[in-house]
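Undergrad: In the working numbering, the protein residues as written are 139 to 289. Every residue gets a Cβ at the ideal spot worked out from N, C-alpha and C, and that includes glycine.
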């Protein structure tokens, strides 16, 4: 009987966590799509896609993923130990992103892209040295192309 009560508590915490994540991420996506992008991304006289198309598509994708995760959490509660691991991973990725921003500010986009790619791969579990070097170089290469092309 005690185990059944404990199981109910775990599913409620999981649903609470999923609800908070959905409100924050889904709300931020809606705010971006309907308020920030139309107001702050100016369309210029350029050929090709509109400047706000990619950011809006990314915000819609993020909002869709948040909705799917919320619906999934309603039907399949997460295990407590997995939530702790995921929280540590999210915190690590936030720290990596802030560090990359500081590196971009100090050394430029190429170095920041390399730091974010390398640290992100490490945090996500990549331990093979050759793969880490290749991903870090790839991140630096993509940022080099961004700088070179003027994007």
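1. Indicate whether residue 276 and residue 254 have their beta-carbon atoms separated by less than 8 Å.
2. Reducing DSSP to helix, strand and coil, say where residue 162 ends up.
3. What residues in its chain sit with their C-beta under 6 Å from that of residue 257, if we drop five residues either side in the sequence?
4. Among 153, 262, 271, which has the Cα closest to the Cα of residue 207?
5. In the DSSP assignment, the alpha helix (DSSP H) including residue 246 goes from what residue to what residue?
6. Below 8 Å between beta carbons: does that hold for residue 164 and residue 204?
7. Residue 285 by DSSP, collapsed to three states: which one?
8. Would DSSP call residue 179 helix, strand or coil?
9. Given residue 238, which residues of its chain have a CB within under 8 Å of its CB, disregarding the five upstream and five downstream residues?
10. At the level of alpha carbons, what is the spacing between residue 245 and residue 279?
11. Secondary structure at residue 189, three-state DSSP: helix, strand or coil?
12. In chain order, what residues of the same chain have a beta carbon less than 7 Å from the beta carbon of residue 284, not counting five sequence neighbours either side?
13. Closest by CA to residue 167, which one among 200, 176, 192, 187?
14. Please classify residue 269 as buried or exposed, where buried requires at least 16 other C-beta atoms within 10 Å of its C-beta.
TA: Inspection of the coordinates gives the following:
1. Within the chain shown, the letter at position 138 stands for residue 276. Within the chain shown, the letter at position 116 stands for residue 254. The Cβ atoms of residue 276 and residue 254 lie no closer than 8 Å to each other.
2. Counting from one through the chain shown, the residue named residue 162 turns up at place 24. Reduced to three states, the DSSP call for residue 162 is helix.
3. The residue given as residue 257 occupies position 119 in the chain shown. Only 234 meet the Cβ criterion.
4. Here the question's residue 207 lines up with position 69 in the chain shown. Sorting 153, 262, 271 by C-alpha distance to the C-alpha of residue 207 places 153 at the top.
5. As a position in the chain shown, residue 246 is number 108, starting the count at 1. Looking at the DSSP string, residue 246 is not in any alpha helix (DSSP H), and its letter there is neither H nor E.
6. The residue given as residue 164 occupies position 26 in the chain shown. The residue given as residue 204 occupies position 66 in the chain shown. Going by C-beta atoms, residue 164 is nearer than 8 Å to residue 204.
7. Here residue 285 corresponds to residue number 147 of the chain shown, with the count starting at 1. DSSP, read as helix, strand or coil, puts residue 285 in helix.
8. The residue labelled residue 179 in the question sits at position 41 within the chain shown. It is coil, neither helix nor strand.
9. For this step, residue 238 is matched to residue 100 along the chain shown. For residue 238, where only same-chain residues beyond five positions count, the Cβ hits under 8 Å are 250, 251, 253, 254, 257.
10. As a working note, residue 245 is residue 107 in the chain shown. As a working note, residue 279 is residue 141 in the chain shown. Rounded to whole angstroms, residue 245 to residue 279 spans 15 Å at the Cα level.
11. Within the chain shown, residue 189 is the residue found at index 51, counting from 1. Residue 189 carries a coil assignment under DSSP once its states are collapsed to helix, strand and coil.
12. As a position in the chain shown, residue 284 is number 146, starting the count at 1. Only 247 meet the Cβ criterion.
13. Position 29 of the chain shown holds residue 167. Residue 167 has its Cα closest to that of 200, out of 200, 176, 192, 187.
14. For the purposes of this step, residue 269 is identified with residue 131 of the chain shown, where counting begins at 1. By the 10 Å Cβ count, residue 269 comes out exposed.
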